[in-house]
Amino acid sequence: MVVPSHAPPRSKKTRSSGVPVIDLSLERSKLCELIVKACEEFGYFQVENHGVSRDIISRVEREGHDFFSKSACQKQRAGPPSPFGYGCKNIGCNDDKGDLEYLLLEANSHSVNERSKTISSDPTKFSCAVNDYIQAVRNLACDILEMVAEGLWVPDKSIFSKLIENANSDSCFRINHYPSVINDDDDWNPSPNLLNKPRIGFGEHSDPQILTILRSNNVGGLQILSKDDLWIPIPPDSDKFCVFVGDAFQALTNGKFTSVRHRALANTSKSRMSMMYFAAPPLSACISPTPQMVSIETPCIYRSFTWGEYKNTMYSLRLADRRLDLFKIQE
Numbered sequence: 612m613v614v615p616s617h618a619p620p621r622s623k624k625t626r627s628s629g630v631p632v633i634d635l636s637l638e639r640s641k642l643c644e645l646i647v648k649a650c651e652e653f654g655y656f657q658v659e660n661h662g663v664s665r666d667i668i669s670r671v672e673r674e675g676h677d678f679f680s681k682s683a684c685q686k687q688r689a690g691p692p693s694p695f696g697y698g699c700k701n702i703g704c705n706d707d708k709g710d711l712e713y714l715l716l717e718a719n720s721h722s723v724n725e726r727s728k729t730i731s732s733d734p735t736k737f738s739c740a741v742n743d744y745i746q747a748v749r750n751l752a753c754d755i756l757e758m759v760a761e762g763l764w765v766p767d768k769s770i771f772s773k774l775i776e777n778a779n780s781d782s783c784f785r786i787n788h789y790p791s792v793i794n795d796d797d798d799w800n801p802s803p804n805l806l807n808k809p810r811i812g813f814g815e816h817s818d819p820q821i822l823t824i825l826r827s828n829n830v831g832g833l834q835i836l837s838k839d840d841l842w843i844p845i846p847p848d849s850d851k852f853c854v855f856v857g858d859a860f861q862a863l864t865n866g867k868f869t870s871v872r873h874r875a876l877a878n879t880s881k882s883r884m885s886m887m888y889f890a891a892p893p894l895s896a897c898i899s900p901t902p903q904m905v906s907i908e909t910p911c912i913y914r915s916f917t918w919g920e921y922k923n924t925m926y927s928l929r930l931a932d933r934r935l936d937l938f939k940i941q942e
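Residues 612 to 942 (the working numbering) are what the sequence shown spells out, left to right.
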């Protein structure tokens with residue numbers, strides 16, 4: 612029986628950031644090369660000159676601030692998460708916890724329109740802001756995925772992007788809010804003993820989807836795990852987007868890309884808000900390596916599986932578990 616491996620205890624050591632920042636205004640062939648290299652070496656990179664307008668970003672950010680500034684009673688009307696809706700401290704359904712509260716939404720306009728009725732006093736304003744943002748970052752994700760395909764010399768440049776452009780895509784959108792200890796919200800009760808150790812806002816994990824596009828305010832806390840098991844703090848920069856390789860992308864590239872493990876620390880004196888678009892295929896989509904990623908020298912690492920099967924496995928495991936281990940082909 613194959614079981615997922617658990618994340619080993621981590622050293623408290625960190626090292627300075629050396630992760631790539633990619634300027635999307637560069638010449639396309641150069642971009643393809645840089646993005647593939649970043650996905651191979653880090654499973655993570657940042658992008659600047661990304662083309663998502665400041666207005667689109669500001670509108671959805673204001674909606675997030677307005678929601679999280681409400682009283683606990685008002686916010687709870689949008690929950691509990693099942694898995695979509697408002698959640699507080701509980702991450703998933705297997706006893707993982709963190710010092711955060713969040714909104715999790717399906718990344719389709721109809722669902723956002725319906726959910727907005729329990730989230731905002733002005734549902735139309737909220738849904739328009741969120742839907743515009745989702746469309747913009749989906750376009751960004753598709754552009755990146757098509758450049759990856761070009762960089763890997765895959766004939767079908769849309770082989771990855773069409774999975775998330777599909778009308779039945781299972782993509783989702785999440786806003787995380789990490790309140791400070793010193794805040795004006797009397798309803799927020801932070802975890803005990805938080806002054807004696809780092810506050811874990813969101814524990815170590817990898818994202819299960821294909822690609823994640825993240826933006827946060829100018830408050831630090833995001834860390835990625837290097838291949839030599841050191842935590843790398845990511846300097847906050849609200850003008851850039853962070854891009855993460857997910858588990859499904861690792862499987863689609865037969866392990867050429869590695870889904871990066873990361874976590875978020877909560878800040879004691881400043882609140883942090885981050886917004887994530889998780890680009891996922893339809894539930895029925897088959898996840899298997901592209902033919903160009905498989906050869907006699909590099910045989911298949913993972914068996915084929917559907918995204919729905921992988922998602923069900925994810926819900927049965929703890930946050931830090933290495934889910935892809937369950938899908939490895941046994942020698």
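The beta-carbon is built from N, C-alpha and C at its ideal position, and this holds for glycine as well.
Note that the structure is predicted; figures quoted are calculated from it, not measured.
### Query
So, are the CB atoms of R670 and A740 less than 7 Å apart?
yes
### Query
Any idea what DSSP makes of P721, helix, strand or coil?
It should be pointed out that residue 721 corresponds to His in this sequence rather than to Pro. If DSSP states are grouped into helix, strand and coil, H721 belongs with the helices.
#### Entry: In chain order, each alpha helix (DSSP H) run of at least 4 residues that lies wholly inside the region 798-867
858-863
### Task
Could you pull the start and end residues of the beta strand (DSSP E) that E659 belongs to?
655-659
### Query
With distances taken from CA atoms, which of Y713, T735, D710, L711 is nearest S722?
T735
### Query
How would you label L930, buried or exposed, when you count the other beta carbons within 10 angstroms and need 16 or more for buried?
buried
### Task
With a cut-off of 8 Å on the beta carbons, I'd call V632 and F852 a contact; round off their distance for me.
Wrong, their Cβ atoms sit about 11 Å apart, outside the cutoff.
### Query
Which of helix, strand or coil does DSSP assign to R639?
helix
### Query
If you run the structure through DSSP and keep just helix, strand and coil, what is G703?
coil
### Closest Cα partner of E908 within the set I845, E652, K867
K867
### Query
Going along the chain, which residues of its own chain have a beta-carbon closer than 6 Å to the beta-carbon of E712, five neighbours each way excluded?
C699, H788
### Query
Are Y857 and L894 touching if we call contact CB-CB under 7 Å?
Note that residue 857 is Gly in the sequence shown, not Tyr. Against a cut-off of 7 Å, the Cβ pair of L894 and G857 comes out as no contact.
### Burial state of A778 (16 or more Cβ within 10 Å)
exposed
### Query
What's the C-alpha gap between I940 and H676?
45 Å
### Task
Please confirm whether T879 and V792 have their CB atoms less than 7 Å apart.
yes
### Query
Within this structure, are the beta carbons of F889 and S782 separated by less than 7 Å?
yes
### Task
Would you list, in sequence order, the uninterrupted alpha helix (DSSP H) runs of no fewer than 4 residues that lie entirely inside the region 868-933?
918-926
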